[in-house]
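Asker: One structure follows; several queries about it will come next.
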Amino acid sequence: MAASRSQSQTTEAAGSRAADRLPLGSALGRELQDISARGLRRFLRCIDGAQDTSVRIEGRDYLLFCSNNYLGLANHPEVVAAARDALARYGASAVSSRLVSGHMRAHARLEHCIAEWKGSEAALVFSTGYQANIGVITSLVGHGDLVVSDELNHASIIDGCRLASAQTAIYRHGDVEQLERILAGSGGAERVLIVTESVFSMDGDHAPLKAIAATARRYGAWLMVDEAHAAGVFGPGGAGLVEQLGLQEQVDIHMGTLGKALGSFGAYVAGSQALIDQLVNRARSFIFTTGLPPSAAAAAEAAIGVCKREPERARGLLTRARELGVRLRAAGLAVPNVESQILPVIIGKAQSTVAVAEALLARGIYVAAIRPPTVPEGTSRLRLSLMATHSREQIDAVAQALIETARPLR
Ligand SMILES: *Cc1c(COP(=O)(O)O)cnc(C)c1O
């Protein structure tokens, strides 16, 4: 019988391949060797204590210039106290999915606070930004729809596009003309979702949000903006770049993280009540995961309070970042002229970038080397990030060290 013959062939094929299979250790050993040979091996470095401007790693102190603790809120007394109080009141964990018994007062309070901060009808908190992006994209588009995404969007957006069964079109970084051409040819798609970051994570530059919003409107496309690196830093009370530009009404889906400038953990999506209801019903990365720890929710709420009350924190941070950029460019380093707390120092080759990062470590300065696949091939960089709590002396020290170690390579 044909069916049984094909079945026995399958078994034979499986048998012949089975003989070549490597044990896990040797298979991974080869793969890791290959990663190392390309200068792309990654290692964990353990920091003792909090994410302060100076940290201790294996008994030695380093100036920290690659943390996302942009406003110093992760170890701000008010934020830490809010987490501690919530820990005492609510316990260590939400223990369940928000839809089972894991929706706690701390979440409800935070969501109310975020909706008010963003000036939106409603908000929903996800356990991470990675899950928020995957959840939003897969809940809003599917077969017959189109997602249009900036080529430099974060991995969580890319993975959201991959998981959704919609088509994906990528436009060159910030290229509104190409975005427009894609939309002009999108007649067959029922729904079109445009996704962009506002302040880009590895470049610190801004998306041309006004032009993108106008284009989206012309073609009836929905617009989602990821403010992971803008929330807390840009806009009135740190509400984001969209608010700074007065584009709230033109952005349908506002996403941001609580684990960067806000010094806590998790992420939010803000928008209409219908959007939030859809996510509660459809976003698998919201439904099938444990709710954010209530202490993290309370910490984020306290952090938003600090941002609203002390806008000078973010302003001072951006001023110092601007000054440092000017100084590094004047010294001949390839630092793009961007308005943000993120200052990429482009080196080029992965191996050279690692060499500079190691030279900086030897001088007691910790800046992570960012390599492919996080950034495109040939654009490996040191991604310098400033904190509002860095002192002038600390910034002087990193500038001097960078000029001495990174310039000779260029
Ligand atoms: C960090 C980041 C995320 C993911 O947020 P997590 O809460 O860390 O999972 C999403 N988008 C962008 C642009 C980010 O930089």
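Residue 97 in the working numbering is what sits at position 68 of the sequence shown, and the numbering runs on without skipping anything.
All C-beta atoms in this analysis are idealised placements derived from N, C-alpha and C, irrespective of residue type, glycine included.
Looking at the secondary structure, which residues open and close the alpha helix (DSSP H) in which residue 323 lies?
Answerer: Numbered from 1 along the sequence shown, position 294 holds the residue referred to as residue 323. Taken as a continuous stretch (DSSP letters only), the alpha helix (DSSP H) holding residue 323 covers 323-338.
Asker: Could you tell me which of 147, 174 and 178 sits nearest to residue 162, measuring between CA atoms?
Answerer: Within the sequence shown, residue 162 is the residue found at index 133, counting from 1. Checking every option, the nearest Cα to that of residue 162 belongs to 178.
Asker: Between residue 369 and ligand 1, is there a pair consisting of the residue's CB and a ligand heavy atom that are separated by less than 7 Å?
Answerer: By one-based count along the sequence shown, residue 369 stands at place 340. For ligand 1, not one heavy atom lies less than 7 Å from the Cβ of residue 369.
Asker: For residue 70, which of helix, strand or coil comes out of DSSP?
Answerer: In the sequence shown, the residue the question calls residue 70 occupies position 41. Residue 70 falls in the coil class under three-state DSSP.
Asker: Quick one, are the C-beta atoms of residue 143 and residue 299 less than 8 Å apart?
Answerer: Reading the sequence shown from its first residue, position 114 is the one you call residue 143. Reading the sequence shown from its first residue, position 270 is the one you call residue 299. Yes. Within cutoff.
Asker: How many Å lie between residue 412 and residue 218 at the Cα?
Answerer: For the purposes of this step, residue 412 is taken as residue 383 along the sequence shown, with counting starting at 1. For the purposes of this step, residue 218 is taken as residue 189 along the sequence shown, with counting starting at 1. The alpha-carbon atoms of residue 412 and residue 218 are separated by roughly 38 Å.
Asker: So, for residue 89: in the same chain, excluding its five sequence neighbours on each side, which residues have a beta-carbon less than 8 Å away from its beta-carbon?
Answerer: Residue 89 sits at position 60 when you count from the first residue of the sequence shown. So the list reads 393, once near-sequence residues are dropped.
Asker: Extract the residue ranges of the beta strand (DSSP E) inside the segment 265-333, only unbroken runs of 3 or more that lie entirely within it.
Answerer: You should have 282-286 and 296-300.
Asker: Just to confirm the assignment, what range does the beta strand (DSSP E) spanning residue 200 have?
Answerer: Residue mapping note: residue 200 aligns to position 171 of the sequence shown, counting from 1. Its beta strand (DSSP E) spans residues 196-200.
Asker: Taking 8 Å as the limit between beta carbons, can you name the residues of its chain near residue 208, skipping five residues before and five after?
Answerer: Your numbering for residue 208 matches position 179 in the sequence shown. Counting only Cβ-Cβ distances below 8 Å, and skipping sequence neighbours, we find 177, 200, 223, 241 and 244.
Asker: In whole angstroms, give me the CA-to-CA distance for residue 410 and residue 365.
Answerer: In the sequence shown, counting from the first residue as 1, residue 410 sits at position 381. In the sequence shown, counting from the first residue as 1, residue 365 sits at position 336. Straight-line Cα distance between these residues: approximately 12 Å.
Asker: Go to residue 106, then tell me how far its beta strand (DSSP E) extends in each direction, as first and last residue.
Answerer: Here residue 106 corresponds to residue number 77 of the sequence shown, with the count starting at 1. Premise fails: residue 106 lies in the alpha helix (DSSP H), 106-119, not in any beta strand (DSSP E).
Asker: Return yes when at least one heavy atom of ligand 1 lies under 7 Å from the C-beta of residue 258, else no.
Answerer: Locating residue 258 in the sequence shown gives position 229, counting from the first residue. For ligand 1, at least one heavy atom lies less than 7 Å from the Cβ of residue 258.
Asker: Rounding to the nearest angstrom, what Cα-Cα distance links residue 115 and residue 324 in this structure?
Answerer: Here the question's residue 115 lines up with position 86 in the sequence shown. Here the question's residue 324 lines up with position 295 in the sequence shown. Cα to Cα, the separation comes out at about 5 Å.
Asker: Does the separation of the CB atoms of residue 220 and residue 174 fall below 8 Å?
Answerer: Mapped onto the sequence shown, residue 220 falls at position 191. Mapped onto the sequence shown, residue 174 falls at position 145. Contact flag set, yes.
Asker: Does DSSP put residue 56 in a helix, a strand or coil?
Answerer: As a first step, residue 56 must be located in the sequence shown, where it is residue number 27. Looking at residue 56 - three-state DSSP - the assignment turns out to be helix.
Asker: Which same chain residues end up closer than 6 Å to residue 286 when comparing Cβ atoms and leaving out the 5 residues on each side of it in sequence?
Answerer: Taking the sequence shown and counting its residues from 1, the one referred to as residue 286 is at position 257. Answer for residue 286: 158, 257 and 296, listed in chain order.
Asker: What does the alpha-carbon distance come out to for the pair residue 316 and residue 202?
Answerer: Locating residue 316 in the sequence shown gives position 287, counting from the first residue. Locating residue 202 in the sequence shown gives position 173, counting from the first residue. Approximately 32 Å between the Cα atoms of the pair.
Asker: To the nearest angstrom, report how far apart residue 102 and residue 192 are at their CA atoms.
Answerer: Within the sequence shown, residue 102 is the residue found at index 73, counting from 1. Within the sequence shown, residue 192 is the residue found at index 163, counting from 1. Near 34 Å, if we compare the C-alpha coordinates of residue 192 and residue 102.
Asker: Would you be able to state if there are at least three C-beta pairs under 8 Å between the segment 330-348 and the segment 259-268?
Answerer: They touch, by the three-pair rule.
Asker: Taking 8 Å as the threshold (C-beta atoms), are residue 123 and residue 319 in contact?
Answerer: The sequence position of residue 319 within the sequence shown is 290, counting from 1. The sequence position of residue 123 within the sequence shown is 94, counting from 1. Their beta carbons are under 8 Å apart, which means residue 319 touches residue 123 by this criterion.
Asker: With H, G and I counted as helix, E and B as strand and the rest as coil, what does DSSP make of residue 157?
Answerer: Against the sequence shown, residue 157 aligns to sequence position 128. Coil.
Asker: The alpha helix (DSSP H) with residue 347 in it runs from where to where?
Answerer: For this step, residue 347 is matched to residue 318 along the sequence shown. Start and end: 341-359.
Asker: Taking 7 Å as the cut-off, does the CB of residue 235 come closer than this to any heavy atom belonging to ligand 1?
Answerer: The residue labelled residue 235 in the question sits at position 206 within the sequence shown. No, the Cβ of residue 235 stays beyond 7 Å of every heavy atom of ligand 1.
Asker: Under 8 Å Cβ to Cβ from residue 235, same chain only, skipping five residues before and after it: list those, please.
Answerer: Along the sequence shown, one-based indexing puts residue 235 at 206. Result list for residue 235: 227, 228, 229, 270, 367, 368 and 369, in chain order.
Asker: Just list the alpha helix (DSSP H) runs in the segment 185-266, keeping only unbroken ones of 4 residues or longer that don't cross its boundaries, in chain order.
Answerer: Qualifying alpha helix (DSSP H) stretches, in chain order: 205-213 and 238-248.
Asker: Could you please give the first and the last residue of the uninterrupted alpha helix (DSSP H) stretch that includes residue 134?
Answerer: Counted from its first residue, the sequence shown places residue 134 at position 105. Start and end: 134-147.
Asker: Measuring straight from C-alpha to C-alpha, what distance separates residue 284 and residue 259?
Answerer: Your numbering for residue 284 matches position 255 in the sequence shown. Your numbering for residue 259 matches position 230 in the sequence shown. Cα to Cα, residue 284 sits roughly 10 Å from residue 259.
Asker: Using only alpha-carbon positions, find the residue among 433, 206, 348 and 329 that is nearest to residue 420.
Answerer: By one-based count along the sequence shown, residue 420 stands at place 391. Of the listed residues, the one whose Cα sits closest to residue 420 is 348.
Asker: With a threshold of 7 Å, establish whether the CB of residue 158 neighbours any heavy atom of ligand 1.
Answerer: In the sequence shown, counting from the first residue as 1, residue 158 sits at position 129. True, at least one ligand heavy atom lies under 7 Å from that Cβ.
Asker: Check whether the Cβ of residue 250 sits closer than 7 Å to any heavy atom of ligand 1, and report yes or no.
Answerer: Within the sequence shown, the letter at position 221 stands for residue 250. No - ligand 1 has no heavy atom lying nearer than 7 Å to the Cβ of residue 250.
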